[in-house]
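First the structure, in the form of structure tokens, and then the observations on it.
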Amino acid sequence: MGKSLNNVPQAPLDVQFNSNGMKCSAYLYRPATEATTPIIVMAHGLGGTRRMRLTAFAERFVAEGYACLVFDYRYFGDSEGQPRQLLDIKSQLEDWKAAIAYARSLPNVDRNKIILWGSSFSGGHVLATAAQNAHICAVVSQCPFTDGLSSSLAMSPITSAKLTALAVRDHIGAALNKDPLMVKLAGLEHETALMTASDAYSGIMSIIKDEPNYKNYVAARFALDIIRYYPGRKTPKIKAPVLFCICETDTVAPAKVTLRHAKRTPHKEIKTYSYGHFDIYTGQAFEHVVKDQIDFLNRTVPVAQA
């Protein structure tokens, strides 16, 4: 098993690393030991930042003896990049590669024990990243986005049409060097937003109390990219063990499609929960899920006892 929760970890350090000439900001958590430890690289989903409950997960992991690097993507949070709130899949995958390289360079980190942790949109990113990096030793993919078409079909036709029109206008504007047109990340039913399910807006609001600068919008051009992103199709190529934490009533990343992709992963563990997409960040659902994640980590990438 990992280290006791009675061991008090060090306060996280605010660090930066380079990604394509820009600085990504991150929290670096260190366990209360001088020994070399595995490290978990973590980032959030659509428009999310490190302060939106990722710190709660990291604190549990570091108490078990794992180092954690929790970062903000370029254009979001405390990281550099203009224009702000530009959600670009290629750039975010580059940030994952840069974060992994930085994590491997850190002292007192076992560079051969890199773990990826992602949730929602980043739950898909960690699958895509692990499929291309044979050195990743474990993956936790929580309520993951796996299939662009499936998630797009979860929207109402009216919302989808409005989003497409906005996205086309924003792409044209980008070609003319105009400022981005923004669209809401989470909205009420029939609002023009990327997520309009009944639990979307309240769910986002429930996890932003520690992020005073949260912005509930992104550049609209992203709406044309999401339908072409299928990280779930890469699961057969992943060599590392993967824990899938799937929410049965997920309104953002439909569970049926996620399960299909999860079952094609060579070394997988699949946990299903009777929760919604946003439930697992707080309360009893969080306690349930994080316990399962710690159990998986302790078995697949155990921390050496000092």
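Counting along the sequence shown from 1, when you hit position 5 you're at 5 in UniProt numbering, and nothing is skipped either side. Beta carbons: idealized from backbone N, C-alpha and C, even for Gly.
Continuous alpha helix (DSSP H) stretch holding residue i: start and end
| i | result |
| --- | --- |
| Ala-131 | 121–132 |
| Gln-284 | 283–300 |
| Leu-185 | Per DSSP, Leu-185 belongs to no alpha helix (DSSP H); it is in the beta strand (DSSP E), 182–186. |
| Leu-153 | 148–153 |
| Gln-92 | 89–105 |
For residue j and residue i, the rounded distance between their alpha carbons
| i | j | result |
| --- | --- | --- |
| Ser-206 | Phe-61 | 22 Å |
| Met-182 | Leu-188 | 16 Å |
| Leu-297 | Leu-166 | 42 Å |
| Gln-16 | Arg-50 | 13 Å |
| residue 334 | Ser-105 | There is simply no residue 334 to check, as the chain begins at 1 and stops at 306 in what is shown. |
| Arg-30 | Ser-79 | 21 Å |
| Glu-248 | Ala-154 | 14 Å |
| Ala-32 | Thr-282 | 25 Å |
| Ile-115 | Gly-47 | 22 Å |
| Arg-301 | Lys-113 | Note that residue 301 is Val in the sequence shown here, rather than Arg. Taking the straight line from one Cα to the other gives about 7 Å. |
| Lys-209 | Met-52 | 8 Å |
| Thr-36 | Ala-223 | 42 Å |
| Ala-262 | Thr-235 | 7 Å |
| Ala-186 | Ala-99 | 27 Å |
| Pro-254 | Tyr-273 | 13 Å |
Bridge partners - residue i, DSSP secondary structure assignment
| i | result |
| --- | --- |
| Ser-19 | Met-22 |
| Gly-118 | Ala-43 and Ser-141 |
| Asp-14 | Tyr-27 |
| Phe-244 | Ser-141 and Ile-270 |
| Ile-136 | Ile-114 |
Residue i: CB within 7 Å of a non-hydrogen atom of the ligand MN
| i | result |
| --- | --- |
| Arg-74 | Among the ligands in the structure shown, none appear at all, so the ligand MN cannot be discussed. |
Secondary structure of residue i, DSSP reduced to three states
| i | result |
| --- | --- |
| Thr-265 | coil |
| Leu-176 | coil |
| Arg-60 | helix |
| residue 308 | The question about residue 308 has no answer, for the chain in this structure spans 1 to 306. |
| Lys-113 | strand |
| Thr-49 | coil |
| Thr-37 | strand |
| Ile-207 | coil |
| Phe-222 | helix |
| Phe-76 | coil |
| Ala-161 | helix |
| Arg-169 | helix |
| Ala-32 | coil |
| Lys-237 | helix |
| Thr-258 | helix |
| Arg-228 | helix |
| Ser-202 | helix |
| Asp-279 | helix |
| Thr-55 | helix |
Residue range of the unbroken beta strand (DSSP E) whose run includes residue i
| i | result |
| --- | --- |
| Ala-219 | 217–219 |
| Phe-71 | 67–71 |
Three Cβ pairs or more, each shorter than 8 Å: is that satisfied between the segment 190–200 and the segment 227–244? Contact annotation: the segment 190–200 does not touch the segment 227–244, with fewer than three C-beta pairs closer than 8 Å.
Taking three-plus beta-carbon pairs below 8 Å as touching, is the segment 35–51 in contact with the segment 80–100? The segment 35–51, when compared against the segment 80–100, does touch it at the 8 Å Cβ threshold.
Pair every Cβ in the segment 236–250 with every Cβ in the segment 267–281, then say whether three or more of these pairs are closer than 8 Å. The segment 236–250 vs the segment 267–281: in contact.
Does the segment 54–70 come within contact of the segment 284–298, defined as at least 3 CB pairs closer than 8 Å? With the rule of 3 Cβ pairs closer than 8 Å, the segment 54–70 counts as touching the segment 284–298.
Stretch-stretch touch, CB-based, cutoff 8 Å, three pairs: the segment 125–139 with the segment 62–69: The segment 125–139 makes no contact with the segment 62–69; the number of CB pairs closer than 8 Å stays below 3.
Would you check if there are 3 or more beta carbon pairs closer than 8 Å linking the segment 111–127 to the segment 143–162? Segments in contact, yes.
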